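Each remark here refers to the structure printed beneath this line.
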Amino acid sequence: MKKIVLTGGGTAGHVTPNMALIERLRQDNYDISYIGSLNGIEKGLIEGMGVTYYGISSGKLRRYFDLKNFSDPFKVLKGYSQAKKLLKQIKPDMVFSKGGFVAVPVVFAAKKRKIPAIIHESDMTPGLANKLCIPRATRVCCNFEETLKYLPAEKAVHTGTPLRKELFTGSREKGLEINGFTADKPVLLIVGGSTGAAAVNAAIRNIADKLLESFQIIHICGKGKTDPAFDNKPGMKQYEYVSSDLKDMFAAADVIVSRAGANAVAELLALKKPNVLIPLSAAASRGDQILNAKAFAKNGYSYVLEEENVTDETLLQAVTEVYTKRDKYIEAMGRAKEADATEIIVKMIKKICER
């Protein structure tokens, strides 16, 4: 039985592709372990799948000044030492990293232990964590074909992003039933990502009454970001986070408002869902979501509304326009060339393990 260690965390986008791989690797009887942060979002998600989970110390590597920049390097060094000990104990045939800062000490430790590592970059350009890991990786997978030019040619492979199969098994009828909705009115789904989106949440609430004239609304707000004033509003349901029912809510949705994280846009494209993308602003990120959104807009897959331009009026206009022109967006997404990223990566894993 081949052993594999998966790593990655910090946000759901760094974990859900690994969850898709875990489902597939189990079919081939891999012995699977996971190394993540001590209390990150990945811990609950992975343990919920019954996978052996090891938490290590992790620190964030920042490009800007923060007092934590003085203490976090010591956390990273501690994580590296812990990862080396774990890899010596587990003795995996290889490591697969989905990124996030917790993955850096694991990939470095794999290199030290002479264990091959595959890493995956979801965004258009590599983030800092993956930039540090690329020299120590055996292969570098990427979501966008345009990303290949930023990667070493001898390591780079365009695979797309692994998506959980259950995403495609949703039932519109069940999605409507869960929310107490009717079948004769379209559904608007708002997904702010695992950390929520304050500007989007506020704008949706400001125009809720106008939206409810045309739509039924599912609002996934982020942990601790629901508003009690909307708890019992007819035609509208709000949630902090949705797990097993998300596939049914996707199936029920006629229009989706979403952040532009790489995993989110990959899911929207795979499901052919007309959408409004509101990328995280450059002021609050390195601008990766802006690049993702621009690529989707260029291909006609999405309507992009920059966060700085989100107002009650612009958001209402965006949702209305996408719904009115939904057939155009569905047709454009139907022309996309899609590969089965999970199968491509699993074949790569098998080939490297066999060596």
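Terminal number for the sequence shown in the numbering used here: 1629, no gaps in between.
We treat Cβ as the ideally placed atom computed from N, Cα and C, and that holds for glycine.
Predicted, not measured: the structure shown is a model, and the values here were computed from it.
Boundaries (first-last residue) of the alpha helix (DSSP H) holding residue i
i, result
"residue 1603", "1600–1608"
"residue 1622", "1615–1628"
"residue 1293", "1290–1301"
"residue 1448", "1446–1453"
"residue 1524", "1520–1526"
"residue 1321", "1315–1321"
"residue 1507", "Unbroken run through residue 1507: none, as it is neither H nor E."
"residue 1572", "1562–1572"
"residue 1483", "1482–1485"
Endpoints, the beta strand (DSSP E) within which residue i is located
i, result
"residue 1585", "Element bounds for residue 1585: n/a, residue is neither H nor E."
"residue 1637", "Residue coverage of the chain in this structure runs from 1275 to 1629, which leaves residue 1637 outside it and unanswerable."
"residue 1551", "1549–1551"
"residue 1463", "1461–1465"
"residue 1380", "Here residue 1380 belongs to no beta strand (DSSP E); instead the alpha helix (DSSP H) covers 1377–1386."
Rounded straight-line distance, which links the Cα of residue j to that of residue i
i, j, result
"residue 1305", "residue 1412", "20 Å"
"residue 1581", "residue 1549", "15 Å"
"residue 1395", "residue 1604", "26 Å"
"residue 1507", "residue 1593", "20 Å"
"residue 1610", "residue 1539", "13 Å"
"residue 1513", "residue 1497", "9 Å"
"residue 1466", "residue 1541", "14 Å"
"residue 1443", "residue 1612", "18 Å"
"residue 1364", "residue 1618", "25 Å"
"residue 1522", "residue 1390", "38 Å"
"residue 1353", "residue 1312", "10 Å"
"residue 1449", "residue 1286", "22 Å"
"residue 1315", "residue 1283", "7 Å"
"residue 1358", "residue 1280", "14 Å"
"residue 1433", "residue 1418", "8 Å"
"residue 1295", "residue 1398", "21 Å"
Residue of the options minimising C-alpha distance to residue i
i, options, result
"residue 1494", "1519, 1431, 1484", "1519"
"residue 1624", "1301, 1291, 1281", "1301"
"residue 1599", "1426, 1575, 1450, 1525", "1575"
"residue 1288", "1525, 1384, 1406, 1436", "1436"
"residue 1515", "1463, 1489, 1326", "1463"
"residue 1587", "1528, 1621, 1563, 1485", "1485"
"residue 1590", "1329, 1529, 1601, 1614", "1529"
"residue 1351", "1360, 1332, 1367, 1368", "1332"
Any non-hydrogen atom of the ligand SAH within 8 Å of residue i CB
i, result
"residue 1331", "Ligands are entirely absent from the displayed structure, and the ligand SAH is therefore not among its contents."
Residue i - partner residues in DSSP beta bridges
i, result
"residue 1370", "1280, 1392"
"residue 1359", "Residue 1359 pairs with nothing; no bridge assigned."
"residue 1350", "Bridge partners of residue 1350: none, in fact."
"residue 1532", "1465, 1551"
"residue 1328", "1309"
"residue 1494", "1465, 1513"
"residue 1415", "1394, 1431"
"residue 1578", "1551"
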